[in-house]
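Under my numbering, the first residue of the sequence shown is numbered 4, with each subsequent residue one higher.
C-beta: ideal position from N, C-alpha, C; glycine also.
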Amino acid sequence: MQHAPWEDGVRTLPPRTPGGHKGTFGTVTIVGGSVGHGRYMVGAPALVALGALRSGAGLAKIVASQEVLGHAMGVCPSATGISLPERAPGELEMAGAISVFDEQAGAAHALVVGPGMGVGDVERAMVLRGVQQDQVPVVVDADAITNLAEIPELWRDFRAGAILTPHPGEFARLAKTLRVTQSATDDATRPAAASALAQKLGCVVVLKGQGTVVSDGQRTWVCGRGHACLATAGTGDVLAGVIGGLVAQHARGGMSLFDAARFGVEAHARAGEAWASAHAAQAGLLAAELADEIPRQLEAFRPGG
4 MQHAPWEDGV
14 RTLPPRTPGG
24 HKGTFGTVTI
34 VGGSVGHGRY
44 MVGAPALVAL
54 GALRSGAGLA
64 KIVASQEVLG
74 HAMGVCPSAT
84 GISLPERAPG
94 ELEMAGAISV
104 FDEQAGAAHA
114 LVVGPGMGVG
124 DVERAMVLRG
134 VQQDQVPVVV
144 DADAITNLAE
154 IPELWRDFRA
164 GAILTPHPGE
174 FARLAKTLRV
184 TQSATDDATR
194 PAAASALAQK
204 LGCVVVLKGQ
214 GTVVSDGQRT
224 WVCGRGHACL
234 ATAGTGDVLA
244 GVIGGLVAQH
254 ARGGMSLFDA
264 ARFGVEAHAR
274 AGEAWASAHA
284 AQAGLLAAEL
294 ADEIPRQLEA
304 FRPGG
């Protein structure tokens, strides 16, 4: 396992293309959000959309039930919404949902699947469609990871260029399924744990927490930035959106998923530091405020920044 310093490889983001339009800068399609069974998770996909758009993506689409969209679009009206068919309130209809998922995935430059999605047969089927296709990079986040953890032979299904973004609890569920034994909570073993999971699935792993670890199974990088104010609801959704937005903009130009994940994690961590400094506070950050800080942090990575 090679420990990669921040200074290696890609160190700057490409300059914004003069005269470009929203199609130039990529579409991020977000599949998530849920209502039902006592669970009301309507904000997560909107926060992903905010992160994607604040990272510079040209378009963010939220694919969700009609009720989720009604709330999510209020949080992020700059996104567009695509509704998933339901057989009953709060219950997606399998064939129709898969059809919409496939259509929207095919038109995307990056997918973000899982935030607030819930766990169930239809949700698991959509996540599997995302990781089984090999045309569009996919960020697998939150409930998508939990859905995948219920598939014993999961490693056989991974074909997509994927970035998994688990917190330690989600990592543990997936690691149990895949027989990855390294601990995601012990600082001494977190880099090895992320690397082992990345090798098992042939993907990039972003193991969140203090000292977020990014690994593609060959190279491993540990973020040395961040602030305790980031330990609040929704900041992980913003991170998934930022990473998805960077993938949509730059993967076609040759940026690796490993570097897109690193840029996203570093900018997210620095944004938390900047908010804490500006507010002279250790806590009280709202996830939407974090998204608002992302453009300034990413600009520092551009030539002359």
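- In the pairwise beta carbon analysis, the region 67-80 is classified as touching the region 46-53: at least three pairs are separated by under 8 Å.
- In the structure shown, I246 falls within a helical segment according to DSSP collapsed to helix, strand and coil.
- A113 places its beta carbon 7 Å or farther from that of V134.
- In terms of Cβ geometry, Q300 and A274 form a close pair [threshold 7 Å].
- Here V122 carries a coil assignment [DSSP, helix/strand/coil].
- S68 and M120 have their alpha carbons spaced roughly 10 Å apart.
- With a beta-carbon spacing of about 5 Å, G267 and L249 fall inside the 8 Å limit used to define contacts.
- By alpha-carbon distance to R305, the top candidate from S58, G239, V116 is S58.
- For I154, no alpha helix (DSSP H) run applies, since DSSP gives it neither H nor E.
- Following the DSSP letters along the chain, one finds L114 in no alpha helix (DSSP H) but inside the beta strand (DSSP E) bounded by residues 113-116.
- Scanning the region 167-234 from its first residue to its last, the whole alpha helix (DSSP H) runs of 4-plus residues come out as 171-181, 193-204.
- Counting C-beta pairs with one atom in each stretch, the region 28-47 and the region 97-115 have three or more that are closer than 8 Å, which means they touch.
- Between the C-alpha atoms of A201 and A270 there is a straight-line separation of about 22 Å.
- Following the DSSP letters along the chain, one finds E302 inside the alpha helix (DSSP H) bounded by residues 290-302.
- Of G227, I101, V207, E126, the smallest CA-CA separation from A243 is found for V207.
- DSSP places R42 in the uninterrupted beta strand (DSSP E) bounded by 42-44.
- L95 carries a strand assignment under DSSP once its states are collapsed to helix, strand and coil.
- Counting the other CB atoms within 10 Å of its CB gives H230 a total of 16 or more, which places it among the buried residues.
- Following the DSSP letters along the chain, one finds S37 inside the beta strand (DSSP E) bounded by residues 37-39.
- Contact between G220 and S198 is confirmed by a C-beta separation of about 6 Å, below the 8 Å threshold.
- For G84 against I65, the beta-carbon gap comes to about 5 Å, under 8 Å, which counts as contact.
- Where D144 is concerned, the enclosing beta strand (DSSP E) starts and stops at 141-144.
- For the 7 Å CB-CB criterion, L95 and V125 form a contact.
- DSSP places S86 in the uninterrupted beta strand (DSSP E) bounded by 83-86.
- Under the three-state reduction of DSSP output, A110 falls in the coil class, being neither helix nor strand.
- Distance from the Cα of R182 is smallest, within the candidate group T188, D160, E156, H170, for E156.
- When secondary structure is reduced to three states using DSSP, L62 falls in the strand class.
- By the Cβ criterion, the region 188-196 is not in contact with the region 143-152, since fewer than three pairs of Cβ atoms, one from each stretch, lie closer than 8 Å.
- By alpha-carbon distance to V209, the top candidate from G109, L167, G93, G287 is L167.
- DSSP lists L95 as the bridge partner or partners of E89.
- A residue is called buried once 16 or more other Cβ atoms fall within 10 Å of its Cβ, and Q107 is buried on that count.
- L62 places its beta carbon 7 Å or farther from that of T20.
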